[in-house]
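For reference, the structure is listed below as structure tokens.
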Amino acid sequence: MSKKTEPVPGMSDLFPTETVRWQSLEQSARDIFSQYGYGEIRTPLLERTDVFLRSIGQETDIVQKEMYTFNDRGGRSLTLRPEGTASVLRALANAGISQGESLRVYYMGPMFRGERPAAGRKRQFHQIGAENVGRVSPHADVECIAMLLHFLREIGVCDTALLVNSRGDRYDRDAISTALKAYFDGHIARMCEDCSRRYRTNLWRILDCKSDACSEIIAGAPSIVDQLGTGSQAYFRTVCDGLSRLGLDYVVDPRLVRGLDYYAHTVFEITSTGLGAQNAVAGGGRYEITMPGAKHAVPGVGFALGIERLLMAGASSQAFLPDVDAYLIGIGDEALTANLALAASLREAGASVLAETENRGLKAQLRAANKYDVRYALIRGDDEIDRGVVQVKNMKIAAQSEVSATDVDALLAILADDGRR
RNA sequence: GUGGUUGUAGCUCAGCUGGUUAGAGCGCCUGGUUGUGGCCCAGGAGGCCGCGGGUUCGAGUCCCGUCAUCCACCCCA
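This is the structure:
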């Protein structure tokens, strides 16, 4: 239909009907995360491109084809953040967090990926995320997952499943990659197009292929868990035990590998039924990230939730109406002007009021007042202006009285009433 | 990037195998009481039928292209 007023593809406008739900979700996140000692961090939407290249990984889908990257006027390559973790780690590195120091932060805001939009997938989408940075411990992983599940329970997102897996440490990963490569070397020619692409770009992803032809070959592949060193296996066992001890149900999914290179050890995903093809509502894991210019890799564990998907998996929306105490009706320009002043006084005293700004009939204005479902209508025309009064009409019981227009306290006292008398 | 879907009023959508001035519901505006809401009634405004081309005496309807949308693949939040 219209075209010039539409937002850029994959981006959307949010109106009060929607934002009320966003706000309550965000508030729950703030409340719960702070119970776990997390504080909010806000980082720029734009970063130097290498912040993402190095941490997320050159060969990942995100870096290969999904980033919004451009050169600024100084010729620097900048990128709109495709996820939150890299930015957070960059910020912490910049602030000079010392080795061994730990920090818990959460963030919320827009992320950008240049994918083809579909159900539950936008190019600008929004995440709420949390990172526990600085320590390596399976218990931190457990707490992180527990906090995530606590939040989901609180906001009423149900029908979810928790999937966990381990990718091992950096040495395990090299060993696994070598083993996988060696195995698939002999079979790749007979596998599907996607797999031969993955073989080159994202080897582990082959394990995820659903095509029948490949399944048989994949079934014979060396399993990730078997390739883990004893230390990594013990780590993973501690995580699983910890989840069980907290009474949290989970499923070990040996094929869960996730698409970002920085993950090590624990990875997890929360899926929800009824979301369509994009059923992951949250995901995360333990990672180790070396920022450009930094001496050491910084470990951490964290997750990100997709706000749009949370809302799809949760409650339905209702029509938005501003919640105001009174509607100021004015017949004639003089009354309309006087009403704007009266509205200002009432608001200053803490009331929420809506004042008519159009010079139209009383009937039309009362209709509007009715639509907003206010308890009171304050009515003034030339007569009231002359006599210095305002008609106070109780919309619930259709009673009406007269109050001096200068007696703001009396008006406030009435508005503070629930309108049932 | 690949496949498919849809595009008609502000919104949700009808419009049969091409045929006169393109419709409904909701919303909006005005009136039914010179200044008293909801319900009801009457009336009204509002459409390059996504855009461009083609076939035809004639296209909202058929064909081609294009743009947008949604869904799926890929991958993930």
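Heads up: the first sequence begins at 937 in the working numbering, then just goes up one per residue.
For glycine and all other residues, C-beta sits at the position ideal for the given N, C-alpha and C.
On a predicted model such as this, the values are computed, not experimentally measured, just so you know.
Anticipated Cβ contact below 8 Å, residue i with residue j, distance rounded
{"i": "Y974", "j": "R1040", "result": "4 Å"}
{"i": "A1082", "j": "V1187", "result": "With 8 Å as the limit, A1082 and V1187 do not qualify as a contact, their Cβ atoms being about 16 Å apart."}
{"i": "R1059", "j": "G1050", "result": "6 Å"}
{"i": "V1260", "j": "V1310", "result": "6 Å"}
{"i": "A1271", "j": "I1321", "result": "6 Å"}
Span separating the alpha-carbon of residue i from that of residue j
{"i": "A1066", "j": "R1303", "result": "47 Å"}
{"i": "L1116", "j": "T1166", "result": "19 Å"}
{"i": "S1022", "j": "L1247", "result": "Per the sequence shown, residue 1022 should be read as Ala rather than Ser. Going from the Cα of A1022 to the Cα of L1247 covers about 25 Å."}
{"i": "F1172", "j": "H1201", "result": "7 Å"}
{"i": "R1356", "j": "G1297", "result": "Its pLDDT being 44, under 50, R1356 is placed unreliably by the model, and the measurement read from it follows with that caveat. If you take the alpha carbons of R1356 and G1297, they lie about 27 Å apart."}
{"i": "E954", "j": "I1243", "result": "12 Å"}
{"i": "A1029", "j": "Y1198", "result": "16 Å"}
{"i": "I1112", "j": "G1056", "result": "33 Å"}
{"i": "R1141", "j": "L1257", "result": "48 Å"}
{"i": "V1344", "j": "L1282", "result": "7 Å"}
{"i": "A1249", "j": "A1240", "result": "16 Å"}
{"i": "M1003", "j": "M947", "result": "15 Å"}
{"i": "Q971", "j": "R1052", "result": "38 Å"}
{"i": "L1211", "j": "G1219", "result": "15 Å"}
{"i": "A1334", "j": "E1294", "result": "23 Å"}
7 Å CB neighbourhood of residue i in its chain, flanking five on each side removed
{"i": "K1329", "result": "Y1312, A1313, I1315, Q1336"}
{"i": "V1072", "result": "P1235"}
{"i": "D949", "result": "P943"}
{"i": "T985", "result": "T1005, S1013, L1014, T1015"}
{"i": "A1279", "result": "L1264, V1289, A1291"}
{"i": "M1397", "result": "Residue 1397 is absent from the model: the chain starts at 937 and stops at 1357."}
{"i": "G1238", "result": "T1021, G1065, A1066, E1067, N1068, C1080, G1220"}
Contact set for residue i: own chain, Cβ-Cβ below 6 Å, skip 5 residues either direction
{"i": "L1164", "result": "G1104, D1108"}
{"i": "I1265", "result": "E1292, Q1301, A1313, I1315"}
{"i": "E1224", "result": "A1200, A1233, P1235"}
{"i": "V1193", "result": "W1140"}
{"i": "T1209", "result": "D1095"}
Residues of its chain near residue i, where Cβ-Cβ distance is below 8 Å and the 5 sequence neighbours each way are ignored
{"i": "S1159", "result": "P1190"}
{"i": "G1324", "result": "S1340, A1341, T1342"}
{"i": "A1274", "result": "G1266, R1316, I1321, A1341"}
{"i": "Q1214", "result": "A1054, A1055, G1056, R1057, R1245"}
Backbone secondary structure at residue i - three-state DSSP
{"i": "E1320", "result": "helix"}
{"i": "L1182", "result": "coil"}
{"i": "V1161", "result": "helix"}
{"i": "R1173", "result": "helix"}
{"i": "V1310", "result": "coil"}
{"i": "I1265", "result": "strand"}
{"i": "M937", "result": "Because the pLDDT of M937 is 39, which lies under 50, any placement of that residue in the model is unreliable, and the question is left without a value."}
{"i": "I1206", "result": "strand"}
{"i": "L981", "result": "coil"}
{"i": "H1365", "result": "Given a span of 937 to 1357 for the chain in the structure shown, any question on residue 1365 remains unanswerable."}
{"i": "I1333", "result": "coil"}
{"i": "G1065", "result": "strand"}
{"i": "A1291", "result": "strand"}
{"i": "R957", "result": "helix"}
{"i": "L1139", "result": "helix"}
Within the stretch 999-1034, note down every full alpha helix (DSSP H) run reaching 4 residues or more, in order along the chain.
-> If we require 4 residues or more, the alpha helix (DSSP H) runs fully inside the stretch 999-1034 come out as 1021-1030.
Can you give, in chain order, each stretch of the alpha helix (DSSP H) that sits fully within the stretch 1085-1119 and has at least 4 residues?
-> Runs found: none.
Taking the runs of the beta strand (DSSP E) that are 3 residues or longer, which of them lie wholly in the stretch 1211-1261?
-> 1216-1225, 1234-1242
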